[in-house]
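Number of protein chains: 2
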Amino acid sequence: MRGKTIDPEDWLTAVDESGFRATTVQETLIDIFARVEYPLSAEQAWDVARLARPKTGRATVYRTVEKLENLGLIRRVHGYQGCSYFVPTLPELMMLFICLDCGRAEYLDSQPLDELIKQSEDSSGHHITDSRLQLFGACADCQQNA
Amino acid sequence: MRGKTIDPEDWLTAVDESGFRATTVQETLIDIFARVEYPLSAEQAWDVARLARPKTGRATVYRTVEKLENLGLIRRVHGYQGCSYFVPTLPELMMLFICLDCGRAEYLDSQPLDELIKQSEDSSGHHITDSRLQLFGACADCQQNA
DNA sequence: TCCTTATTGAGACATGGTATCAATAAACAT
DNA sequence: ATGTTTATTGATACCATGTCTCAATAAGGA
Chain A
1 MRGKTIDPED
11 WLTAVDESGF
21 RATTVQETLI
31 DIFARVEYPL
41 SAEQAWDVAR
51 LARPKTGRAT
61 VYRTVEKLEN
71 LGLIRRVHGY
81 QGCSYFVPTL
91 PELMMLFICL
101 DCGRAEYLDS
111 QPLDELIKQS
121 EDSSGHHITD
131 SRLQLFGACA
141 DCQQNA
Chain B
147 MRGKTIDPED
157 WLTAVDESGF
167 RATTVQETLI
177 DIFARVEYPL
187 SAEQAWDVAR
197 LARPKTGRAT
207 VYRTVEKLEN
217 LGLIRRVHGY
227 QGCSYFVPTL
237 PELMMLFICL
247 DCGRAEYLDS
257 QPLDELIKQS
267 EDSSGHHITD
277 SRLQLFGACA
287 DCQQNA
């Protein structure tokens, strides 16, 4: 993911500590998802995984993606390209920007969002436990090259 | 939708003015979507539509839902229950809150969001053309009855 | 009322994702 | 190291959601 790097080792230990067995499929998928710049679907991840590990099964990839999502290591992207794409989760950063030209995803600072949510809680009386904010448009690069 | 009312007549004229023919299927679906309190999938809309108009076809409902979405009359809900649910669009109000207990959807004032987006544009250099903010939690009623 | 053509309904089809179950391979005790 | 247990895997059948096709229907203007 742009602007930040993720260490696959950290994910491996995270998976390990959560009680699951450490397998080569997981390792493969973690390697893939920790490095992507673009949101990736489970189907696409399967294609990529088979390059490194040809007999990888489809269901296994779907299961592993679900596991990584449940562990909070990857996040589902909701929006223009559909809702079956995933990006690595960057802790504390919640606002995801997606460029509609090049497709790249980037996290933006979410501090102001926290305040906004607190404000909404006060005015509505609802108790807000989770949020999804996604922004779409043209990234700085694509604007220049347009 | 909670807290606001929508006049199905306005939608009918909107569809009419956009160059489509006025049909009974459209009328039926507009009637349904203009009144829902809960996000509704196309499949569910089909079920409801057949109560009033038994021989309504499935594909037609999907096509009409897509049309209403393209016209901006209904909006896709992205989140916990999946991404295939729709709620009526309330112009100028963009922040959608969904109660995880009772499932009801409610729009919140989005003015602060506009500022937040402007702020993000300045600091990131990206040009933001669209946004999706959804909030999840327990609504005031459900908190009381818990 | 007739004619033109958008819209419809039925069902075949495509896609994305899940369930089943025997085979495999981690983890651990020996 | 080796064997045992059991989570994980891969192949395949299956299901759900959504799309495509095409003849039949109905909206809207002449």
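If you read the protein sequences in the order shown, they are chains A and B.
Under the numbering used here, the first residue of the first sequence carries the number 1, and numbering increases by one thereafter.
Under the numbering used here, the first residue of the second sequence carries the number 147, and numbering increases by one thereafter.
Where is the CB? At the ideal position from N, CA and C, for every residue including glycine.
Anticipated Cβ contact below 8 Å, residue i with residue j, distance rounded
i	j	result
F166/B	K201/B	That belief does not hold up - the Cβ atoms of F166/B and K201/B are roughly 21 Å apart, past 8 Å.
H126/A	G283/B	6 Å
T89/A	V25/A	About 20 Å; that fails the 8 Å criterion.
Y184/B	G249/B	5 Å
A180/B	P154/B	4 Å
F86/A	L40/A	6 Å
L108/A	S277/B	Going by Cβ atoms, the distance from L108/A to S277/B rounds to 11 Å, so no, they are not a contact pair.
Own chain partners of residue i with C-beta closer than 6 Å, once the 5 adjacent residues on each side are dropped
i	result
C285/B	C245
W46/A	R58, V61
R178/A	There is simply no residue 178/A to check, as chain A begins at 1 and stops at 146 in what is shown.
V36/A	none
Cβ neighbours of residue i in the same chain (closer than 8 Å, five flanking residues each side left out)
i	result
L279/B	M240, M241, L242, S256, L259
L175/B	A191, A195, V207, T210, V211, L214
Y80/A	I98, L100, F136
S266/B	H272, I274
S164/B	L217
R76/A	E69, C83, S84, Y85, F86
Assigned secondary structure, residue i (DSSP; H/G/I helix, E/B strand, else coil)
i	result
F282/B	strand
I128/A	strand
D153/B	coil
A146/A	coil
Close-in-space but distant-in-sequence residues of the same chain around residue i (CB under 7 Å, 5 per side omitted)
i	result
T12/A	According to the sequence as given, residue 12/A is Leu; it is not Thr. So the list reads A22, E27, I30, once near-sequence residues are dropped.
A160/B	L217, L219
D16/A	A22
K264/B	none
Looking at chain B, which residues of the region 129 to 140 of chain A have a Cβ within less than 8 Å of any of its Cβ atoms?
-> Within the region 129 to 140 of chain A, the residues whose Cβ lies closer than 8 Å to some Cβ of chain B are T129, D130, S131, R132, L133, Q134, L135, F136, G137, A138, C139, A140, listed in chain order.
What residues in the region 56 to 84 of chain A have a beta carbon less than 7 Å from any beta carbon of chain B?
-> If the cut-off is 7 Å between Cβ atoms, the region 56 to 84 of chain A has H78, G79, C83 near chain B.
Members of the region 93 to 125 of chain A that neighbour chain B once the beta carbon cut-off is set at 9 Å | The region 93 to 125 of chain A vs chain B, Cβ under 9 Å: M95, F97, C99, L100, E106, L108, D109, P112, L113, E115, L116, I117, Q119, S120, E121, S123, S124, G125.
Which of the residues in the region 182 to 197 of chain B, read from start to end, lie with their CB under 7 Å from any CB of chain A?
-> Residues of the region 182 to 197 of chain B that bring their beta carbon within less than 7 Å of a beta carbon in chain A are absent altogether.
Considering only residues of the region 191 to 269 of chain B, which uninterrupted beta strand (DSSP E) runs meet the minimum length of 3 residues and lie entirely inside it, listed in chain order?
-> DSSP runs (the beta strand (DSSP E)) wholly in the region 191 to 269 of chain B: 220 to 225, 228 to 234, 241 to 245, 251 to 254.
When you check each C-beta in the region 8 to 29 of chain A against every C-beta of chain B, which residues fall closer than 9 Å?
-> Of all residues in the region 8 to 29 of chain A, none has a Cβ within less than 9 Å of some Cβ in chain B.
Kindly provide the ranges of any beta strand (DSSP E) runs that are 3 or more residues long and lie completely inside the region 162 to 189 of chain B, ordered along the chain.
-> Counting only unbroken stretches of 3 or more residues, no beta strand (DSSP E) element lies wholly within the region 162 to 189 of chain B.
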